[in-house]
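Below: the structure, in structure tokens.
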Amino acid sequence: MSAAVIFPPDQAPTTARNPSLATIAWRALTRKSGRIIGVLILLFFISMAIFGPMLYPKQLPINGANLYAPPSWAHPLGTDFEGTGVLAEIVTGSRYVLSAAALAALFTIAVGTFMGIVSGYFLGLTDNIIMRITDFILTIPGFPLLIVLSTIWSFGSPIAMGVVLGLTGWGGLARAVRSQTLSLRERGFIEAARGLGLSNGHIIGREILPNIAPYIAMNLLLSVTGAIYAEVGLFFLGVIPFQANNWGVMLNLAFGNGAMYTPQSLLYMISPMACIMLVTFGIVLTLDALDEILNPRLREG
Amino acid sequence: MGSVAVEPAQASALDRDVACRVRGLTVTYKVDNRELSALRDVDLDIRQGQITAVIGESGSGKSTLALALMNAVSKPGRIAAGKVTYRDLGEVTAMDSERLRRARGRSLSMVFQASQNSLNPLTRVGAQLLDLARSHDMRDPRAVLREAAALAERMSLDADRVLTSYQHQLSGGMRQRVGIIFGLVLKPQVLLLDEPTTALDVLSQSSVLEIVRSIQRERQLTTVLITHDMGVVAELADRVVVLYAGRVVEEAPTTELIRHPRHPYTRALIQAIPRLTGDPSLARPLEGQPPSLAAIPTTGCVFRGRCPHRMEVCETSTPGISQVSDTDHRYACHWEGAAND
Amino acid sequence: MIEVRAIEKVYRGGGGLLSQRAVKALRGVSLTLKDGEAISLIGESGCGKTTLGRIIAGLETYSQGELVFDGTPLSQVPPGDRPQWFHRVQLVQQDPYGALNPARTLGNALVDPLKLQAKHLGKDATWTRERARELLNLVGLDPEATLYKYPHNLSGGQRQRFVVARALTVDPKVLVADEAVSMIDVSLRLGILSLLSDLRVRLGISVIFITHDVAAARYVARDGVICVIYRGEIVEYGRTDDIIRSPVHPYTQALLSAMPVLRGLEKPGPDRFIPSQDLDTQAQDEAGCLFRSRCRFATERCGREHPNLVALDGGERLHACFYPQARDVVPVPVG
Amino acid sequence: MKSLIPRLIRRLFGGIIMILAVASFTFFLIHLIPGNPALSKLTSLEMSGVQPRQAELEVSAIYGFLPHQPLYIQYLQYIWQLLHLNLGKSIMYAGISVSHLLLLALPWTVFTVTAGIIVSFVVGILAGVLIAVYRDRWFGNGITLFSTFLHGIPQLIMALLLAYLLTTIWPIFPYGSPYKASMTPGFTLPFIGSLIFHAILPVAAYAISSYGGWALTMKSSVVSVLGDDFILASELRGLKPRIRIGYIARNAILPLFTTLTLSIGFMFGGSVFIEQIFDYRGLGYMLITATTNLDYPLMAGAFLIITTAVIVANILADFLYTAIDPRIRVQ
């Protein structure tokens, strides 16, 4: 009996290796034009954060004679209430915003994934305790909590900011990862692995994690947007001492110095907001591709 | 017993006996820009007042057929060719949506798989029966409730309890009986049963089959039974249509089919049933895998990949319909051995 | 040899804090399974047969009684050694779709436990690779066509074969197959059943087959025993042929009656009856015979006294009915 | 009905525990603030020559506990005062009790947040249904894109944009206070009209920033309900379209109530920006001003009340859900 007849063409026996991750990623990216745009936006901002600040002096110059100037060659986005170039502020401010957001996202993911898997896999008392804490964290509104915390802990540096955002933001992810772990447990393969004597470490690392990896990767990017909003918001409210220029500080100064009341400040007001929205937009577009890259079932299609 | 090749038109002898006629039915699904046929060129007569079973495994197209009989194939599928005509309703494949809606549930009613929840989880059973009655403009919706209660009592259910229950308060066997009540309460002309007992417990299965059998006999209700289980067919059906990979491969009265299967697939299927009597080691597993939609060959015999009697001609030419002489038994196979039992 | 000694399983919970209710899944079940023997556990869903299988496979604990493997009771095994101890029993689950990790290749799924086994036996990586191929061949899968695939590339029947191969990686002495064919296409079911029978003969492992399908139970345990379970109790037990030919407990008779008759080849047994009442899984009645509310032969005594499992005519067969009477409910072959 | 009452009791009990936990958190927070403000206040009062007894009374009135006593006594004092709804006295609004200040602030926040939730919920659900119905056409894709875009804009940005664009660049709406400054507050038609007119932008900021989430959630909910077996069954039973739409709508909206609880916290959290930007003297405004002016009793009180409001709103949402879903209501 020839195998070709028994097996449908798309399931024909193959000994060929599966395509490499790079090939899969490239295919997924090029499938929709929006995805490429998303990745390009992100790359643009990342390089701005890395190299941008090198182009400007540490202390940006003030020019009292050139307040709220319209765009010019020297200042393509005009100037602010002190005559400082808006573009210069945007570029130098990006490093803090993006690095703190990236760190916060990493912390959030690490803590949330750990808590969620441990809670969903071991169940019992561990689960009970972790879920109580999660409920608590999820119920308390995030911004008010951060504001209150700012009185006892100065989190002006990107690392401190990342840690704080990570420690207060893992609740949602932990709960989602727990429910995914629980539903994986329902399926037989976890039980089978235990019956075969495979260790808990193996089961968590090799059986559970690969299944929720796409979800975690997507949340990593989503947490970046959440972290950007949080830090920009805190600086806007002025509850954290400014250590460096960033987009939140720009909004705070604009708001506090009356830029709200004059139409001339249009570019100054809009620029930091536009950057935040562009980064968000880039992340959303990239997420779409990431989902396909990491999901073995979608890859086949 | 010899066999002769016949034309499909000749095959359907008596119009008076036929409640529903399917001709040249082809249903395709659009997958990745390819049109794949789930059913191809199906001819079928549903006899008036009888139970006609359609048996097939997954990928045979039997669920698609159930939908097509109500002209309810939905995207990405479509009825690409053919007609489904009922004696009392006319051609459902040509009806506009409002006429179709009036026919569904009223003249043609369907009992769904036991594993499916066919009830709205947020509304009581009684209220949903009233919705059904109002949708079909019954003059006295209360009478429908009374009829439902009578049916419930007959199925040894507590009618008051069932009608005031939500779906989640009913066990699997009870839900399926409620599904049957919905199917019968408006006194349809044709009843479709789609895997009515799959996923039910053994004892529930046999009592549900018993209920269907007795009501069908009493009302002489034209019934179509869609199933994968030869046991259910043997218990209920008067006639059987065997579907494989979207094609009808054999059709005969039930006892005739079970006693003298002709098509190699039907033979293998019956041989693969473990039974309570006889030598268990005589049962033979069926080779190969069930058909997958993407892999159904478009020319030649659809079963050839698993067939022990495969010949060269099976690769190139689609077998025509042969009829066992002087009987109501038809099959589609090139193999000469099929003619002998 | 496996001995199940008077095992009870009680689930707590249901109904909130105030109305804590205990659900008795098993009420003192005793069984013995010799090496290489086949036993089929039959009953409706919710009767406790699955729980029993999972307890034997070490996936669930029991409340009372004792589980004994080759003379060693579980209670004497230190908790740390129990996973290793339960290696000898492997469960083949009902759902072959959930039993395989969708995110990993089949090769990995097979090699992981084999690596543990290799370490245990002092073998090297070559042995692992060869053993993987050997096992796939044993269950009728083509190794080259299987190892590099993901589970979604296989059909239901192929998956279940693979699940059996994976269970064999740790050289079990017992396979517990829990409704192992109910989610597979009809045309493929017999293939899996005969695979289980073959493995038992070729490898000398015992098979515990859990099902509600009496015909499948007979096929797998044709030279073994059938054990009928109702609401956590064994109600009838005996050699497969004896149980099928002359069931004495009304519940067994109901199960056998419910099997469809292949008209044309068979006709219904003269005593066949169809019980109209469904199993009430919430039933609270504890006095008397647990089956009496659904039993057409129940008497006043059945409501008063609880029938215990006793030998029929002093032989090997056991039953738990006050009025054991053989009835012809099985289809009779014709022509 | 049987399971409803125990569930109610359980939820209320859980809520009280939660509020107690938050109160404990604020208590310890004040102790962790660098320089221990309560103790330093006491010292400075005593240094300036106030009688020790008098100084103690004053500090105790402000913070609700006496800083030089053992910690557990301070804690008990604090909780005891809380049980009497005494949150201490404000520092920046010298001498005014925190509970009085917050009582005045509460309606502003509750009014705008509730309006925001209702508007976004209703509009979001309608948009979600439209997207689901037209999901394969440009119209549906258009709304999806628009909703995804709005969903991505944080409250801060939305509020700033609305305020700047619609009051400064295009001066359509008033800006800077919750009602016209020249008016005297009272139950008069012009005053209420002015209140509503001034509230349009802040409510819009709340609503727009969470509208997208509702629309997208509702869309996936409708799509998943459309795939349910009973919807196909209702079609094949020939139910009238009107009845079928009712089936779909009820089943699709229900799961959204569980998301509502998360949204409530998000909305209250956003009040810190929106009240700051639109100059509403609500809870969020109080929290920010208290924090930046080192008025710790007011800060702790505002935080506690915001959290309590969220917890109460969650319990209400949970009840609404329980009342609608028979699967929980009837066992």
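For the protein sequence lines, the chains are A, B, C and D, in the order given.
Take the numbering used here: the last position of the first sequence gets the number 319, and nothing is skipped along the way.
Take the numbering used here: the last position of the second sequence gets the number 631, and nothing is skipped along the way.
Take the numbering used here: the last position of the third sequence gets the number 566, and nothing is skipped along the way.
Take the numbering used here: the last position of the fourth sequence gets the number 324, and nothing is skipped along the way.
Positions of the beta carbon are idealized from the N, C-alpha and C atoms, including for glycine.
Being a predicted model, the structure only gives us computed values, none of them experimental.
{"Item": "Closer than 7 Å at the beta carbon, the chain C residues around residue 495(B)", "Value": "489"}
{"Item": "Check whether residue 328(B) and residue 354(B) have beta carbons under 7 Å apart", "Value": "yes"}
{"Item": "Residues that residue 157(D) contacts on chain A, provided the C-beta gap is smaller than 7 Å", "Value": "278 and 287"}
{"Item": "Min CB distance residue 539(C) to chain A below 7 Å", "Value": "no"}
{"Item": "Beta-bridge partners of residue 400(B), as assigned by DSSP", "Value": "482(B)"}
{"Item": "Minimum Cβ-Cβ distance from residue 247(C) to chain A less than 7 Å", "Value": "Residue confidence is low: residue 247(C) scores 46 on pLDDT, short of 50, so the model does not pin down where it sits. No coordinate-derived value is stated."}
{"Item": "Among 324(B), 586(B), 404(B) and 575(B), nearest to residue 486(B) - alpha-carbon criterion", "Value": "404(B)"}
{"Item": "Spatial distance of residue 313(D) from residue 123(A) (CA atoms)", "Value": "34 Å"}
{"Item": "Against chain A: residues of the stretch 343 to 360 of chain C by CB proximity under 7 Å", "Value": "343, 344 and 347"}
{"Item": "Cutoff 7 Å: residue 409(B) Cβ touching any chain D Cβ", "Value": "yes"}
{"Item": "Closest residue to residue 289(A) among 264(A), 168(A), 239(A) and 137(A) (Cα-Cα distance)", "Value": "264(A)"}
{"Item": "is_contact[residue 386(B), chain C] using C-beta, thresh 7 Å", "Value": "no"}
{"Item": "Contacts of residue 549(B) in chain C (Cβ-Cβ under 7 Å)", "Value": "495 and 496"}
{"Item": "Own chain residues within Cβ distance below 7 Å of residue 104(A), not counting five before or after", "Value": "93, 95, 96, 97, 98, 285, 286 and 289"}
{"Item": "C-beta neighbour in chain C for residue 303(A), strict 7 Å", "Value": "no"}
{"Item": "Inter-stretch contact at 8 Å, needing at least 3 Cβ pairs: the stretch 444 to 464 of chain B / the stretch 360 to 369 of chain B", "Value": "no"}
{"Item": "8 Å Cβ cut-off: residues of chain D touching residue 295(A)", "Value": "145, 146 and 150"}
{"Item": "Given residue 566(C) as reference, the closest of 504(C), 495(C) and 346(C) once Cα atoms are compared", "Value": "495(C)"}
{"Item": "Short CB-CB distance (under 7 Å) between residue 251(A) and chain D", "Value": "yes"}
{"Item": "Cβ of residue 474(B) within 7 Å of any chain C Cβ", "Value": "no"}
{"Item": "Reference residue 252(A), options 240(A), 239(A), 238(A) and 268(A), closest by Cα", "Value": "268(A)"}
{"Item": "Pairwise C-alpha distance: residue 235(D) and residue 262(D)", "Value": "40 Å"}
{"Item": "Meets three-Cβ-pair contact criterion under 8 Å: the stretch 124 to 131 of chain A and the stretch 297 to 314 of chain A", "Value": "no"}
{"Item": "Classification of residue 383(C) by the beta-carbon crowding that lies within 10 angstroms, buried from 16 upward", "Value": "exposed"}
{"Item": "Any beta strand (DSSP E) of 3 or more consecutive residues that is wholly inside the stretch 281 to 306 of chain C", "Value": "295 to 300"}
{"Item": "Nonlocal neighbours in the same chain, by C-beta distance under 6 Å from residue 299(D), ignoring five residues either side", "Value": "261 and 276"}
{"Item": "Where residue 624(B) falls: helix, strand or coil (DSSP)", "Value": "coil"}
{"Item": "Identity of the residues DSSP links to residue 90(D) by a beta bridge", "Value": "82(D)"}
{"Item": "Complete runs of the alpha helix (DSSP H) confined to the stretch 253 to 287 of chain D [at least 4 residues]", "Value": "276 to 285"}
{"Item": "Proximity test, Cβ basis, 7 Å: residue 291(A) and chain D", "Value": "yes"}
{"Item": "Interface positions of the stretch 65 to 86 of chain A facing chain D (Cβ-Cβ less than 8 Å), listed along the chain", "Value": "none"}
{"Item": "C-alpha distance - residue 22(A) paired with residue 598(B), whole-angstrom precision", "Value": "The pLDDT assigned to residue 22(A) is 30, lower than 50, so where the model puts this residue is not dependable; a value taken from the coordinates is nonetheless given after this. Computed Cα separation, rounded: 16 Å."}
{"Item": "Presumed contact (8 Å Cβ cut-off) between residue 496(B) and residue 489(C), rounded CB distance", "Value": "4 Å"}
{"Item": "Any 3 or more C-beta pairs closer than 8 Å across the stretch 451 to 466 of chain C and the stretch 295 to 302 of chain C", "Value": "no"}
{"Item": "Residue range of the unbroken beta strand (DSSP E) whose run includes residue 538(B)", "Value": "537 to 543"}
{"Item": "Within-7 Å CB hit, residue 422(C) to chain B", "Value": "yes"}
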